[in-house]
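S.K.:
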Amino acid sequence: MSLIRHFVDGDETADAERTGPVFNPATGERQHEVAFASTAEVERAIAAAKAALPGWRATGLVKRADVFFRLRQLLVERQGELAAIVTSEHGKVLSDAAGEISRGIENVEFAAGLVHLLKGEHSEQVARGVDVHSTKQPVGVVGAITPFNFPVMVPLWMVASAIACGNTVVLKPSEKDPSASVFLARLFQEAGLPDGVLNVVHGDKVAVDAILDSPDVRAVSFVGSTPIARSIYERASQQGKRVQALGGAKNHMVVMPDADLEGAADAAISAAYGSAGERCMAVSVLVAVGDVADDLVAAVRSRMDALVIGDGTDAASEMGPLITREHRDKVASYVTGAAAEGATVVVDGTAKVFDGDGFFVGVSLLDHVEPGMRAYDDEIFGPVLSVVRVENYDEAIALVNGNAFGNGVAIFTRDGGAARQFEIDVEVGMVGVNVPIPVPIGAYSFGGWKNSLFGDSHIYGPESVHFYTRSKVVTTRWPDPNESQISLGFPSNH
Ligand code: NAD
1 MSLIRHFVDG
11 DETADAERTG
21 PVFNPATGER
31 QHEVAFASTA
41 EVERAIAAAK
51 AALPGWRATG
61 LVKRADVFFR
71 LRQLLVERQG
81 ELAAIVTSEH
91 GKVLSDAAGE
101 ISRGIENVEF
111 AAGLVHLLKG
121 EHSEQVARGV
131 DVHSTKQPVG
141 VVGAITPFNF
151 PVMVPLWMVA
161 SAIACGNTVV
171 LKPSEKDPSA
181 SVFLARLFQE
191 AGLPDGVLNV
201 VHGDKVAVDA
211 ILDSPDVRAV
221 SFVGSTPIAR
231 SIYERASQQG
241 KRVQALGGAK
251 NHMVVMPDAD
261 LEGAADAAIS
271 AAYGSAGERC
281 MAVSVLVAVG
291 DVADDLVAAV
301 RSRMDALVIG
311 DGTDAASEMG
321 PLITREHRDK
331 VASYVTGAAA
341 EGATVVVDGT
351 AKVFDGDGFF
361 VGVSLLDHVE
371 PGMRAYDDEI
381 FGPVLSVVRV
391 ENYDEAIALV
401 NGNAFGNGVA
411 IFTRDGGAAR
421 QFEIDVEVGM
431 VGVNVPIPVP
441 IGAYSFGGWK
451 NSLFGDSHIY
461 GPESVHFYTR
471 SKVVTTRWPD
481 PNESQISLGF
491 PSNH
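Note that the sequence shown covers residues 1 to 494 in the UniProt record's numbering.
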């Protein structure tokens, strides 16, 4: 069994006093061990990042951009290889793994535009002989802590922009599927990134706390579950760091009575069960408005039996296993407990039998779900779709806005006026109109509201440039020495 090691200052290292298992979720096989960094190992990585900072910051912008152009090419060329790594440790099907790499490449493309992104502003003659300009400077060493569900895309959300802005990074990926991040770090190295600019440490709370508590780490980007996001935000911001901590989700898809029912059913199936529901933008609540409910439930139901669930390396598979045995069992508990809470179990995916020891579960559909039931209140993060029936648009909005999460939402309708009003009324960070998974393209920023994000900045895109830089405003005068005089008044430009 191989040991997955850290990547510090351009080399793979491991103290490996503690390790954790890395499974192949499709077979249940424990295929690797991953080193869990000690505090000392994380401090070594932070020291390497700190040492690399002056050199990287001084590197010309065009040269920095070159790294991202080369990286993009390498990611395209090695996409298949990287997708295979993702599938082997995460379990998602190969096409889905390739899809997340494509979305990550968007962040690299955005970063390649850094020469434009880092431009400041200049105002000539704000007072006679006085000019003002602003500049964007790196914050310093950035800590990046990522979840298991997108082992390529989410690290790229953070490291592409952070590095483009002149920072250096210590990345702590999920310990459940850690290989992809080391592969990424090697690609960055091959693309010409100097050693120490991107470091990867593996592990658990010990490694994360070492990042949060280091006075040398100036900003922290986190993506993961809400309880951990909240605690990361509190701990790091208490120490004066800049923090963005993205949390969990409960994404609603509202289907209005005038919607194209067949299209809505296709979208609901795709968004609820793709990647086995382990997406922070997965649709987990289908809100049936008015008399559409019975037909909508029937249309979704009629599509479920045909879904092919199997090993993600099999091209026929549309959905793979869940990440761990424990998570699979937890997801199943929401389905088995739903009837006792008053929901109708239309399809019980836990009853489906699979060969072998993989962490598979079938797809489930629950109807007549309501707030207050576990299946509604919790983020299940599995292939379970709950239907909530409401009478009208106002009830749909009240339901969505009453939810503790606010990551993504969608409305399916043919009525442009209703969609427009929805966009205005809904308290959610990312909205889809007839689009079930409205993940913004790389030129916009990604982020939810309420318990889906702690902090002020959304991630990647323009808001990431703001997050990963500090602005400075410089006021300049080149006076004529003959005009010098004393004035104790507050400087006024009028
Ligand atoms: P998680 O919160 O368990 O882990 C995320 C990271 O935090 C990992 O690197 C993990 O090692 C670390 N961690 C875990 N426990 C910790 C602790 N006690 N102290 C410090 N660090 C700790 O999340 P996960 O299970 O890996 O990922 C799934 C979750 O991530 C879901 O809730 C999903 O909605 C969320 N997610 C959100 C977004 C978003 O953009 N909002 C995107 C992807 C995933």
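Ideal Cβ placement from N, Cα and C applies to all residues, glycine included.
(1) Is DSSP giving ASP348 helix, strand or coil here?
(2) For the putative contact between ARG103 and MET153, defined by C-beta atoms under 8 Å, what is the C-beta separation to the nearest angstrom?
(3) Let me know if LEU488 comes out buried or exposed under the rule of 16 or more other beta-carbons within 10 Å of its beta-carbon.
(4) Apart from the five residues on each side of it in sequence, which residues of its chain come closer than 6 Å, Cβ to Cβ, to GLY432?
(5) For the beta strand (DSSP E) containing PHE36, list its first residue and its last residue.
(6) Taking 6 Å as the line, does the beta carbon of ALA249 fall inside it for any heavy atom of the ligand NAD?
(7) Would you mind working out which of LYS136, ASN251 and ASP291 sits nearest GLY382, comparing C-alpha positions?
(8) What's the gap between the Cα of GLN190 and the Cα of ALA65?
(9) Suppose contacts are defined by Cβ-Cβ distances below 7 Å. Is ILE211 in contact with PHE222 by that definition?
(10) Are the segment 67-74 and the segment 111-118 touching by the rule of at least three beta carbon pairs closer than 8 Å?
(11) Provide the residue span of the alpha helix (DSSP H) that contains GLN79, from first to last.
(12) Could you name each continuous beta strand (DSSP E) segment of 3 residues or more that falls completely within the segment 424-449, going from the start of the chain to the end?
(13) Is the Cβ-Cβ distance between HIS133 and GLY143 less than 7 Å?
(14) Quick one: what's LYS172 bridged to in DSSP?
(15) Would you mind sorting PHE36 into buried or exposed? The rule is 16 or more other CB atoms within 10 Å of its CB.
(16) If we count the other Cβ atoms within 10 Å of its Cβ and call it buried at 16 or more, is PHE490 buried or exposed?
(17) Secondary structure at MET281, three-state DSSP: helix, strand or coil?
(18) Are three or more beta carbon pairs between the segment 474-486 and the segment 262-282 nearer than 8 Å?
(19) Does the distance between the C-beta of GLU106 and the nearest non-hydrogen atom of the ligand NAD fall short of 6 Å?
(20) Thinking VAL361 and VAL347 are a contact (beta carbons under 8 Å), I'd like their distance in whole angstroms, please.
(21) Look up MET373 in the DSSP assignment and say whether it is helix, strand or coil.
(22) Quick one, which of ASP295, LEU366 and THR469 has its alpha-carbon nearest VAL243's?
(23) Since PRO257 contacts ASP291 with CB under 8 Å, what's their CB separation in whole angstroms?
M.R.: According to the data block:
(1) It is coil, neither helix nor strand.
(2) Under the criterion of beta carbons closer than 8 Å, ARG103 and MET153 qualify as touching, at roughly 5 Å.
(3) It counts as exposed.
(4) Beyond the five residues adjoining it in sequence on each side, GLY432 comes within less than 6 Å, by CB distance, of ALA410 and PRO438 in the same chain, given in chain order.
(5) 29-36 is the extent of the beta strand (DSSP E) around PHE36.
(6) Checking the Cβ of ALA249 against the ligand NAD gives yes.
(7) The shortest Cα separation from GLY382 among LYS136, ASN251 and ASP291 belongs to ASN251.
(8) In the sequence as displayed, the identity of residue 190 is Glu instead of Gln. Cα to Cα, GLU190 sits roughly 14 Å from ALA65.
(9) The answer is no: Cβ separation not under 7 Å.
(10) Under the Cβ criterion (8 Å, minimum of three pairs), the segment 67-74 counts as touching the segment 111-118.
(11) DSSP places GLN79 inside the alpha helix (DSSP H), whose first and last residues are 79-90.
(12) The segment 424-449 contains these whole beta strand (DSSP E) runs: 430-433.
(13) Going by C-beta atoms, HIS133 is not nearer than 7 Å to GLY143.
(14) Answer is ILE145, bridged to LYS172.
(15) With 16 or more other Cβ atoms within 10 Å, it is buried.
(16) Its Cβ having fewer than 16 others within 10 Å, PHE490 is exposed.
(17) Note: MET281 maps to coil in three-state DSSP.
(18) Short answer: they don't touch.
(19) Every heavy atom of the ligand NAD is 6 Å or more from the Cβ of GLU106, so no.
(20) Between VAL347 and VAL361 the Cβ distance is about 12 Å, and since that is not below 8 Å, they are no contact.
(21) Per DSSP, reduced to three states, the secondary structure at MET373 is coil, with no helix or strand assignment.
(22) Nearest C-alpha to VAL243: THR469.
(23) Going by Cβ atoms, the distance from PRO257 to ASP291 rounds to 6 Å, so yes, they are a contact pair.
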